[in-house]
Structure formats: C-alpha cells, structure tokens
Amino acid sequence: MKRLRAASDIGWWNRIACGLATAVVGSAAAVAAPVLDFDDARHLLSRTGFGATEAEVQAFVGLSREQAADRLLRGARSEAVTPPPASVERFESPRGLKRLDDDERKDFMRRQFLISVELRSWWLQEMLVTPSPLTERMTLFWHNHFVSGQEKVKSPVLMYRQNVLLRRYALGNFGKLLHEIARDPAMVVYLDSAQNRKAQPNENFAREVMELFTLGEGAYTERDVKEAARAFTGWSIEPEDGTFRYRRFQHDSGTKTVLGRSGNLDGDDVLDILLAQPRCAEFIVTKLWREFVSTEPDPREVKRIAEFFRLNRYDVRTALRLVLVSDAFYADANRAVLIKSPVELVVGTLRTFDVKTGDLAPFTFLTAALGQNLFSPPNVKGWPGGEAWINSTTLLQRKQFLERLFRGQDMRGTDGMMPRGGPRLAKGQGKMGGEGRQRFLQALSDIDFDADAWLASFGAAGATRIPQLVLAAAPVEPQAAGIGGLELIRDLTQDPVYQLK
Amino acid sequence: MGATVPETTPPRRHFLQSLGAATCSLLLAPAFAQVRPRAGYDNLLILVELKGGNDGLNTVVPYTDHNYYQLRPRIAIARDKVVQLDDRAGLHPSLAPLFPLWKARELAVIQGVGYPSPNLSHFRSIEIWDTASDSDETLTDGWLARAFAESPPPGSFAADGIVVGSAEAGPLEGVGPRVITLANTQQFLRQARLATPEGRSRNPALDHILKVEADIVQAARGLAADHEFKTEFPGGPFGNAVKTACQAIAGKDGVAAVKLSLNGFDTHSNQPATQERLLKELAEGLVALRAALMELDRWSSTLVLTYAEFGRRPKENQSSGTDHGTANVHFMLGGRVRGGLIGAAPRLDRLDGAGNVAFGVDFRSVYATVLEQWWGLPSRKILQARHPMLDVLKSV
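Chains as they are written, first to last, in this note's numbering: chain A, 731 to 1231; chain B, 962 to 1357.
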C-alpha cells in the first residue's frame, strides 16, 4: 500500500497516465491490515469532506481503514453547529400570493430571495466550520437525492426545515428518512402531493419515489405508480403554518395493488413495500458508490454491501462504513477520478487553505454561477454532477475564482483601516438591493488568505508536502524547478488535477 | 503642444485638484488633436497586467532623490545600477533590454498613474481598473467590454479580445465582447506542435477536463497561424504567453485587443530578488513581442500598455518588501508611441497620511487616449466622463 510520492515521482504520474497497478492492491490488502499513509488519509478526507488541512490529514495517518472509517462515522453530527438565520424561523405562506397586488408580490419575492441567500450562506458556513464535514456531505447527498427546490416550494423556511431533516438522518436510518421525507412539507409542495386528492390523484410523488428515491427506472410498472398515487392521496400541508397535514377526506381508502402487494394501502405501507425490495438497497448503495468511490460501481460489491444495508434495517452508517473500508475505495485506479462539485471546490479550497471569510453570500452566487445553487437543484433528478460540472465556461470560472483568491500574498490593506476586498465572485449583488449590496461588499472585504502563515506552517517540508496535500494526483503540468511560495499554490490550483478529488 | 483641456469638456473634478497647472499643460494632448486613427480596430491593443501591484518606485527609479534612499535603506536600487533615462529617472537594471526602445523613442513612461480615493485591496482596486469605475461605485462590465459593446470590432475578426495566460478577462469581462480565453498556454503551444495530445490516461474525469481545456484552446485555433517566427521567445509563463499571443496575432482574421499578464508582484517580503526576476521576464517578453510584431509588420499598428491594481508604499517595510500603495508608473510601447517621460514623478516629500504618493494622471486618461486616439472612439460614454488625453501617440 505504501507508495513513495514526490512532485517528481514518475511512478505517481504513471498511475494516472497509464492506469497501471490496480489488481495488486486487493491481494496485498488481504495479507496484512493496511495502515493509512498520507495519501490514503488525504484521499479519505477529501472524498468524505471538503478538502482538508495538513493537520486534519495527519490525524488519520497510521490508522487502519476500519479505525479511520469509525472515527469519521462516530464523530458524525446530526445537527448543525451554525445557528440558522433568524429569517427562517417564521413561516410566511406563499398561498396568499395571488391576492397581493404587483408591488406587494414583488416585495414578497424580494424578501424570499434575500432569505434564500441567507439560507444558502448559512449552509455554506456550516460546511466551512463543521467538525463533521461528512455530515454535510451526506446532507448534500440527500439534498440531491430527495430533491426539492426553492423555485417551486417558494419558501426558504420549508427548505430550511427539510435541510434539518436531511441532516438529522444524514447518517441515520434510510427507511425512517424516506418515511419522513414523504411527509416533509417542502417535498409535499415540490412533488405536488398537496394536489393529490382522491377525486384527482396526482402521480408526481408516487412516480419519483419509485424512480428516483428507491428503485430506479424499470423496477415498477405504470400501474404501480397509479396505485401508489392513490395510497398517498390526502398527504398535504397546512397552508397557514407550513406543517404536514393528513386530509382524511381526500384519502382514497379503497384497495390498491403495488408491486404485487394488495390491500387498503396508505402511503406508509407503500414506502415499506418499496423498502422491502432488495433493489432499493442496491439503488442507494450504487448511488453512495458513485458519490464516494467511482462512477463505475462494481456490481458484486454493491450487492454485497446492499445486503448488509438491508439486513441492518437501512442503517446508512453500516453501508457507508463498508464502502469506506473497501479495497475499491482505496484502489489506485479510483484515486483522483471524481470531479469536485462547485461546492466542494469552493468550500474545500477555503478549508484547505484556511481562508478567513465573513458573510458567505458572495460564495453562494459563485457556486450558483458554477452550476450548483444550493436549495435550487435544476430539476427533480438533481444535479447530474461528474463531468457535467465542467464545460469551457465553468472551467474558466473555476480557474478565475482560484486565480483571484491567490492573487496576492495577503488580501489585507496593510494599515488595517483600508477596506479589504474579495474576488469579483459573481454578479449577484445587483439583486440584493442597496443594503444587500453593502453587506455583499463588506463580505468581499472580509475574505483573507494569509499565504505566508499557511506556507510557513509546512516548514521545510513544504516543497513536497504542499503538492501532496493540494492535489489528488501528480499535476499534469510539472512545476518548474525551484517554484515555491504563492507561485506554487497558484500553479497547483490552476492545474487540471485540482478539479479532481 | 501646450494646449489645455478643451473648454467644452469640463475636466474631472478631482483631476485639476491633484495637478499643478504647469504639469497639466505638458501632459495633455493638443485640444483638437491631429492624432486621429486611420485604422480603427486594425490598430491592436495589447494590455499587460502586472498582477499583485508592481512596485513602480523600483521600476522607474528617482535616483537623484534623497527621499527615495531614505525611505528605502534596504531595497533601493543604487544610483550606479539604474539604467538612466534622464538626469533624474532610471530604469531598474532588469529592464535594460527595454533601453533600445527608449532610445528609439518607442517607449513612453507614464508616471503617477492612479485615481482619487484609492483603494488598497487587490480585488477591489483591480476591479476599479478593469471597469474604469470611480472608487466608490461598482460596475460589472470591463472598460473594453463596454467599448466593444458601443462599437463592435468587425465581425470578420476571429475574436474581439484574447486573454492569454490567465482565466481573468478583466477589462474584457462582460456580456458583449467575443473573448477567447487561453488560460493554458502550455497546452496551446504543445498542440500547435502535436496533432494529438499525448496518449492519455484511463482516468475519464481527467480526460474530460483536459478535453474541455483542449476545446478552449481549439476555439483559439482558428486564430493561430502556426507562424514560424525568427524571434526567439523567452521561456517561462510570460514568454509562453507572449509567444501564444503572437501566434494568435499572426492569424489572418484579426483581433482588436489582447490581454497578457505576469503574476507575482505582491512583494511584501524580500522584494529585490522577486522583482528582479519578474521585471527581467517582463522586459525580455516585451522585447520578443516587439521583434515578433515587427516580423509581422504589426509593430506600428500595435500599442502595448502595462497596468496593475496599484503601486506600492514608498517606505519599505520590515521584511525588505513593500506594502500596498497608490499611484504607479506604467509603460506604453509601440511603433507609433511618442517616447519619453509623461506626467510628473511622484513627490516623495509630500506623502499622504498613510505614507502614499498622490496621483498625477488619472488612469482613465490613459484609457481615453487609447479609445479616442488609437481606435477613434468617442470615450465619454464608455468612461462615463470626459477625461483629458495624454500626448503620447505620434500623428499619422
């Protein structure tokens, strides 16, 4: 397992360039319990978090795979450490929108927009400061699985409450999460459950719960969808306070047949029928594999882990632990093969380089410009991710963000009195109104990367250690000899490999 | 010479306040300038951004000013090391390759370039320079983007602007212009030689990113002539960027503006070695640029302009470096440039409360000169005000 690694290590590059040496790893692992070296520890943290500092990586060096996975999973939180913005405490019903006149409506929408920005900033902040990055990665994973979006829900408050739910179960029980999400008000609005009535069933939720949340296409029939939709009739929300409400008189209590099971099924019955399908566990494990290991799941491994997953009553920790200790997770062939999402790129960069920030509003516009607007996935399928993150526009924007961040030795005006500044991250400030713009400019001014301190923390080892920390594999463009300091950081972060994790 | 601002165009309110009347008249172009461009966008503009804020005082050294040596006991350039331009100003020794251009009067040195209420943040100040805004306003589009939106370059051009060696379009950023960005010059140059990229990996994600980079390069391929230059280009990132730019300029389809950049001028510590290296890269790059453009017979239709977010504090800091400052010196080069010193050297005996120099030339005067006299565009709308022009271009 141990691999030599240095900036000039040809072998290191060859693994990427020629895809050598993968088969050996499995047999070697069987002989002795492998211990994580720096590269392994870095790999684990960057795959399960948002970048990592050198100290964070070092804390995992020398652990066995099992110890490392346990440390991550045991320490995982189920609540945010960052207090939410006050604006998400009070629910404002969008129901009355139609009665408002144009000005009032505009006002309402503007307020909702500002709250959405606060909400996005809050989540980015949590990702940035949490001692449990895995929790946030999994919360994001479920956000992209049980998709809802602000555009349709039209209530940042409900989006926030859903986010709290996703975090509570981020590493908890998938079955319970599924039952909870089915009655989550944001979901009820997003997939039209509120319009699903006995007299006029709406199939939206019933279809997506099978296709996207549990089984995947091809594992059910149109008839199953229609029948399941009937089972969910009457699941609605209370428009005044935005809570779930079961409307008994809208519910169809006749006999339904879903996936071969018949009876007076209600929504919870249908969810249990779905959870009983082996296919469901495989569907989720496949998705976990794509998130954490590679874009090409190994069917045998997926089956093996899925079985444990189902037998352990869908305990997400169990499944994820098996993924994180697998040979495949650490295989050379699976290093540096995933593309960082915009949020991973941005938050990972801020964390890895210990960049100081104020209000994160500017970064919400940045990730949106890069294709990932939190709480607003493009559609019910979520962000397609992977290669779709990178096109000529977004790649240049990613590089531009990095270039701006590492422009100067420090970002401070040196006398402390001068306004400081941040990169021209995106052009979102225009939408935030006068007061918002001031906040935005202040936020830009609060961004601060102390290059000297960061570089100095590596001491003499920097020349080899920094590339190893910053990149998941050898850079495509080799550094010119003698390059150091900020120039080294710039070169490494501009390298195509920096986009990989 | 010796004219003043045309009466019909009130000068910027800050402008005259910060200038003595005497320097003012030396500085400004004739009221009804005979310098009119014949060629419009056939005249090429090349911007060179000195990222991080080059230290102008050690670039063009006031080698007879005892204040200079008092302010910089450790990092001052010794009098016997400077390349003397006149009896007061001398170039940093690394810029010696530019001296022949000075002699040929193709190099103008514009001193004291800045703006009122300077901002010392890298990002904010370069935004001000990029968008030609006032210090207290934010604009989204770059000044060249606005110019091209107002008056688009010919559609037959391969692009309105090319950004080489950086992902930051800066003055070209905006919705209007057709801009090609070549952040990765190494790949551009490599592909110019190789029909196919080297046998790639079995890493589809990396392949995808490399392919997107190649696509970006490909978008510029149309510009490239794979011209065989006799000029030898220096190595290093800036030399590569210059070479890439020259390849693009050699293409038959034309381009109105090119932006190059050289990074690393934020010299808070151990400035001398760093600046020596960077200025050498700059000088050698510019000399190669001139030679290559002469080969293409484009030197007389090319204007090269350096810029940066700010200059640096006159007083050196405790780490043999300099901190963020205000007004700065910039170069203008080209076959039609009227060489010499433009504007007054900053007064080191009159520093402001923060220890910075006052500016003498508003950077928007430089832009106005480019727009009006190089391209023949009315500048008032683009720059939101009329700025006096510099007398820096030869009449045709």
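No residue lacks a Cβ here, since even glycine has one placed at the ideal position from N, Cα and C.
**Request:** Count the other C-beta atoms from every protein chain shown that fall within 10 angstroms of the C-beta of residue 1031 of chain B, then say buried if there are 16 or more, exposed otherwise.
**Result:** exposed
**Request:** Compare the C-alpha of residue 1271 of chain B against each of B:1007, B:1011, B:1003, B:1004 and name the closest.
**Result:** B:1011
**Request:** Can you say whether residue 968 of chain A is buried or exposed, counting buried as having 16 or more other CB atoms within 10 angstroms of its CB?
**Result:** exposed
**Prompt:** Are the stretch 1017-1026 of chain A and the stretch 988-1004 of chain A touching, with three or more C-beta to C-beta distances below 8 Å?
**Reply:** no
**Asked** Bridge partners of residue 1292 of chain B, per DSSP?
**Response** B:1070
**Prompt:** Out of curiosity, what's the CA-to-CA distance linking residue 1142 of chain B and residue 1120 of chain B?
**Reply:** 10 Å
**Message:** Any contact between the stretch 848-865 of chain A and the stretch 1087-1096 of chain A? By contact I mean 3 or more CB pairs, one from each, below 8 Å.
**Reply:** yes
**Item:** Contacts around residue 865 of chain A, its chain only, beta-carbon distance under 8 Å, and the 5 residues preceding and following it disregarded
**Value:** 806, 807, 808, 897, 900, 901
**Sufficient close CB pairs (3 or more, under 8 Å) joining the stretch 970-985 of chain A to the stretch 927-935 of chain A** = yes
**Stretch pair the stretch 1322-1335 of chain B + the stretch 1045-1055 of chain B: three plus CB contacts closer than 8 Å** = no
**Message:** Taking the straight line between their C-alpha atoms, what separation do you get for residue 1055 of chain A and residue 795 of chain A?
**Reply:** 5 Å
**Segments of 4+ residues assigned as alpha helix (DSSP H) that fall wholly inside the stretch 1033-1093 of chain B** = 1060-1064, 1083-1092
**Supposed close pair residue 1291 of chain B, residue 1263 of chain B - CB separation, criterion 8 Å** = With a Cβ gap of about 16 Å, residue 1291 of chain B and residue 1263 of chain B do not count as contacting.
**Asked** Under the DSSP definition of a beta bridge, which residues are partnered with residue 1106 of chain A?
**Response** For residue 1106 of chain A, which the question treats as bridged, DSSP gives no partner whatsoever.
**Asked** DSSP beta-bridge partners for residue 1010 of chain B?
**Response** B:1222, B:1268
**Which of helix, strand or coil DSSP assigns to residue 927 of chain A** = strand
**Item:** Cβ pair residue 1217 of chain A, residue 1225 of chain B closer than 8 Å
**Value:** yes
**Message:** I'd like to know whether the C-beta atoms of residue 1107 of chain B and residue 1343 of chain B end up nearer to each other than 8 Å.
**Reply:** yes
**Asked** Going along the stretch 1275-1292 of chain B in order, which residues come within less than 7 Å of chain A, judged by CB to CB distance?
**Response** 1284, 1285
**Message:** I need the boundaries of the beta strand (DSSP E) containing residue 968 of chain A, first residue and last residue.
**Reply:** 965-968
**Request:** Could you work out which residue in A:945, A:819, A:1135, A:798 is closest to residue 849 of chain A when comparing CA atoms only?
**Result:** A:819
**Message:** the ligand ZN and residue 834 of chain A: does any heavy atom of the ligand fall closer than 7 Å to the residue's C-beta?
**Reply:** The ligand ZN is absent from the structure shown, which contains no ligand whatsoever.
**Request:** Buried or exposed for residue 878 of chain A, please, with buried defined as at least 16 other CB atoms from any protein chain shown within 10 angstroms of its CB.
**Result:** buried
**Request:** Can you pull the chain B residues whose beta carbon is under 7 Å from the beta carbon of residue 1138 of chain A, in chain order?
**Result:** 1013, 1083, 1227
**Request:** Anything in the stretch 1051-1067 of chain A with a Cβ closer than 8 Å to a Cβ of chain B? List those residues in chain order, please.
**Result:** 1063, 1066, 1067
**Request:** Tell whether a beta-carbon distance below 8 Å holds between residue 1363 of chain B and residue 1133 of chain B.
**Result:** Missing from the structure shown is residue 1363 of chain B; chain B here goes from 962 to 1357 and no further.
**Request:** Go ahead and pull the three-state DSSP assignment for residue 987 of chain B.
**Result:** Interpretation of residue 987 of chain B is limited by its pLDDT of 41, a score under 50 that renders its predicted location unreliable; no figure is taken from the coordinates.
**Message:** Using beta carbons (cut-off 8 Å, strictly below), is residue 1177 of chain B in contact with chain E?
**Reply:** Considering every chain present, this structure includes no chain E. Its protein chains are A and B.
**Prompt:** Which residue comes first and which comes last in the beta strand (DSSP E) that contains residue 1303 of chain B?
**Reply:** 1301-1303
**Prompt:** Does the beta carbon of residue 1152 of chain A sit closer than 8 Å to a beta carbon anywhere in chain B?
**Reply:** For residue 1152 of chain A, the predicted model reports a pLDDT of 37, less than 50, meaning its position is unreliable; a value from the coordinates is still stated below. Output row for residue 1152 of chain A: interface = yes.
**Prompt:** Between the stretch 1097-1116 of chain A and the stretch 1084-1103 of chain B, are three or more C-beta pairs nearer than 8 Å?
**Reply:** no
**Asked** If contact means a Cβ-Cβ distance below 9 Å, which residues of the stretch 1127-1153 of chain B contact chain A?
**Response** 1127, 1128, 1129, 1130, 1134, 1142, 1144, 1145, 1147, 1148
**Asked** In chain A, which residues lie less than 9 Å from residue 935 of chain B when you measure between Cβ atoms?
**Response** Residue 935 of chain B cannot be examined here, being either before or after the span of chain B that is shown, 962 to 1357.
**Prompt:** Around the Cβ of residue 1053 of chain B, are there at least 16 other Cβ atoms within 10 angstroms (buried) or fewer (exposed)?
**Reply:** buried
**residue 794 of chain A: first and last residue of the uninterrupted alpha helix (DSSP H) it sits in** = Element bounds for residue 794 of chain A: n/a, residue is neither H nor E.
**Request:** Would you mind working out which of A:1178, A:1182, A:1119 sits nearest residue 1169 of chain B, comparing C-alpha positions?
**Result:** A:1119
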